[in-house]
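A.B. asks:
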Amino acid sequence: MFNLNNVKLQFTKNALRLIAKKAIAKNTGARGLRSILESILTEAMFEVPGSKPGEDSVEVVLVDEEAVGTADISGCGAKVLHRSSGLEHASRPVGSTVTMEKKIATKEDLGSEFEAPSRALSL
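At position 11 of the sequence shown (counting the first as 1) the number is 11 in the UniProt record's numbering, and the numbers step up by one without a gap.
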């Protein structure tokens, strides 16, 4: 959906780790993962299509650790970065980002702390 509006969707590596941990804690598989992503991206999904092209248009939707939150506490949601908001500084948070158009996270990206429960592997 963001691509249709020429908006980049970016995740920090730590945000991907937190999302994976939340999905594993819910133990509901793909539905749980979808629910987590919807809760993070809902506001951005409504704001992006209403953004008019020009100087103040939305350029990046950024999901970082603050957007995801912790296992117990919900995050603040994705950050919508406008073209006029000094994007060159705002879109490069501490740590690297993953642009979803170019890369899909692998188990190696999530690190050794990513472990799937054994019953998830025995389908």
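Note that the Cβ used here is the ideal one computed from N, Cα and C, for glycine as well.
How would you label Asp-64, buried or exposed, when you count the other beta carbons within 10 angstroms and need 16 or more for buried?
C.D. replies: Buried is the call here.
A.B. asks: Spell out the partners DSSP gives Lys-22 in its beta bridges.
C.D. replies: Lys-22 is not bridged to any residue.
A.B. asks: Would you be able to state if there are at least three C-beta pairs under 8 Å between the segment 22-34 and the segment 72-87?
C.D. replies: Because the criterion of three Cβ pairs below 8 Å is not met, the segment 72-87 and the segment 22-34 do not touch.
A.B. asks: In whole angstroms, give me the CA-to-CA distance for Leu-62 and Arg-31.
C.D. replies: Those two C-alpha atoms are separated by around 22 Å.
A.B. asks: Should Phe-2 go down as buried or exposed, given a rule of 16 or more other Cβ atoms within 10 Å for buried?
C.D. replies: So Phe-2 ends up on the buried side.
A.B. asks: Quick check on DSSP: helix, strand or coil for Thr-28?
C.D. replies: Coil at Thr-28, not helix or strand.
A.B. asks: Quick check on this structure: which residue in Ala-67, Val-58, Leu-18 and Leu-16 has the alpha carbon closest to the alpha carbon of Leu-4?
C.D. replies: Ranking Ala-67, Val-58, Leu-18 and Leu-16 by Cα distance to Leu-4 puts Val-58 first.
A.B. asks: Taking C-alpha atoms, which residue in Ile-19, Lys-52, Ala-67 and Lys-13 lies nearest to Val-7?
C.D. replies: Of the candidates Ile-19, Lys-52, Ala-67 and Lys-13, the one whose C-alpha sits nearest the C-alpha of Val-7 is Lys-52.
A.B. asks: Apart from the five residues just before and just after Thr-18, which ones in its own chain have a Cβ nearer than 7 Å to its Cβ?
C.D. replies: The sequence given here has Leu at residue 18, not Thr. Closer than 7 Å at the Cβ level, and outside the excluded window around Leu-18, lie Glu-65 and Val-68.
A.B. asks: Just to confirm my understanding: we take Ala-78, look at its own chain, exclude 5 residues before and 5 after, and list those with CB closer than 6 Å. What are they?
C.D. replies: The residues are Ile-40, Leu-41, Ala-44, Val-61, Val-63 and Ala-67.
A.B. asks: How far does the beta strand (DSSP E) with Val-61 in it extend, from its first residue to its last?
C.D. replies: Residues 58-63.
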